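**Student:** Take this structure, written in structure tokens, and hold onto it; I'll ask about it next.
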RNA sequence: CGCGGGGUAGAGCAGUUGGCAGCUCGCCAGGCCCAUAACCUGGAGGUCGUCGGUUCGAAUCCGACCCCCGCAA
């Protein structure tokens with residue numbers, strides 16, 4: 633069959649993984665890639681290219697980096713694409729553009745819609761203690777993640793799942809599910825299913841502030857926060873005016889409630905912290921300007937800090 | 001030139017009025033013990049990131065460079 637013409641829009645690694653899958657399949661012809669403009673980022677504020685741009689450059693694709701995607705509506709129309717595939721693009725795509733692709737504008741979304749519409753969809757299911765999440769391939773409409781569903785695949789959330797590990801799993805699953813879905817849709821084998829709006833909920837973009845630990849909360853909540861926020865922004869707290877990231881805790885909480893919430897103490901030769909309900913054993917942490925260390929290493933080098941109250 | 005923290009023993013850290021380099025853990029040997037990750041005794045292990053400067057003398061003061069990390073994006 634004739635290759636399906638695709639314009640791809642996306643920005644981070646997650647999107648690059650999905651794009652990679654399209655490039656490998658000869659049934660698809662990626663005509664152009666739309667990604668966020670290069671921005672100063674990182675230490676020293678060097679200008680960085682998005683993961684999608686790097687990949688597109690490697691294979692010599694046409695790259696568009698509009699401030700607003702509406703600025704390139706004419707170029708998009710000219711290519712007469714069959715599909716517009718959007719994955720973590722970070723810009724709202726206006727309806728005028730959604731109408732261009734012949735077979736439809738497609739979104740690869742990292743949750744089982746209608747659950748978790750919006751941005752921070754990776755972290756939310758871990759925070760809530762869900763047993764699974766997944767990938768949804770859908771047709772886009774003018775709403776935010778409200779379009780009809782084409783295909784879904786569930787992914788189990790492991791007990792030790794982190795935001796980072798789940799991010800990778802979702803990217804892989806999205807990449808694998810996309811190709812067959814596009815082909816099936818092109819051949820008229822899929823009937824789009826409208827979402828049940830009564831079951832929908834929205835989550836917002838994860839901010840640094842979302843990782844701040846409230847030690848008066850139950851240990852189990854904080855344990856999930858640590859996993860969900862890893863590795864960015866990380867679950868963090870204060871120690872004597874300096875930030876500390878808690879990068880890993882023991883999933884088994886200690887049924888101890890004898891200290892003030894936030895107080896560090898030694899339990900069984902391990903670093904532990906009292907929470908609002910129960911306590912947590914800290915496995916790994918990172919202090920400002922320092923590398924990541926284990927709880928045991930913290931005890932060795934910061935013995936005098938044991939007994940401090942965190943979060944102040 | 002965005003802001004800031006850091007590179008000292010295998011690991012984590014302390015150590016600036018410049019003067020024989022320390023702590024906790026680990027490691028090795030021996031001891032105690034029914035036994036031990038517990039305890040006791042002894043021991044090995046460091047060109048103090050690199051290069052250069054000041055000095056009788058530099059981990060410490062000055063200059064350049066390399067590497068790591070946080071913020072911010």
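Residue numbers (the working numbering): 633 to 944.
Here a beta-carbon is modelled for each residue, glycine too, at the ideal position from N, C-alpha and C.
Model, not experiment: these values are computed from the prediction.
Which runs of the beta strand (DSSP E) at least 3 residues long sit entirely within the stretch 888 to 925? Give them in chain order.
**Tutor:** 896 to 899, 902 to 906, 911 to 919
**Student:** By alpha-carbon positions, which one of 719, 671, 637 ends up nearest to residue 710?
**Tutor:** 637 is the residue among 719, 671, 637 whose C-alpha sits nearest the C-alpha of residue 710.
**Student:** What's the call for residue 714, buried or exposed, on a 16-neighbour Cβ count within 10 Å?
**Tutor:** buried
**Student:** Determine the DSSP secondary structure at residue 688, reduced to helix, strand or coil.
**Tutor:** Residue 688: helix per DSSP, three-state reduction.
**Student:** Output yes or no for whether 8 Å exceeds the beta carbon distance between residue 737 and residue 725.
**Tutor:** yes
**Student:** For residue 669 and residue 697, which I take to be in contact (beta-carbon distance under 8 Å), what is that distance rounded to the nearest angstrom?
**Tutor:** 4 Å
**Student:** Return the residue from the list 674, 654, 662, 684 that minimises the CA-CA distance to residue 648.
**Tutor:** 684
**Student:** Are the CB atoms of residue 718 and residue 806 within a distance shorter than 8 Å?
**Tutor:** no
**Student:** Measuring CA to CA, which of 658, 660, 852 is closest to residue 884?
**Tutor:** Ranking the options by Cα distance to residue 884, first place goes to 852.
**Student:** Could you give the C-beta distance for residue 745 and residue 777, rounded to a whole number, given that I count them as a contact under 8 Å?
**Tutor:** 6 Å
**Student:** Quick check on the burial criterion: 16 or more other C-beta atoms within 10 angstroms. Buried or exposed for residue 830?
**Tutor:** exposed
**Student:** When we look at the beta-carbon of residue 843 and count the other beta-carbons within 10 Å, is it buried (16 or more) or exposed?
**Tutor:** buried
**Student:** Would you mind sorting residue 682 into buried or exposed? The rule is 16 or more other CB atoms within 10 Å of its CB.
**Tutor:** Residue 682 sits buried, since 16 or more C-beta atoms from the chains shown fall within 10 Å of its C-beta.
**Student:** Roughly how many whole angstroms lie between the Cα atoms of residue 875 and residue 919?
**Tutor:** 6 Å
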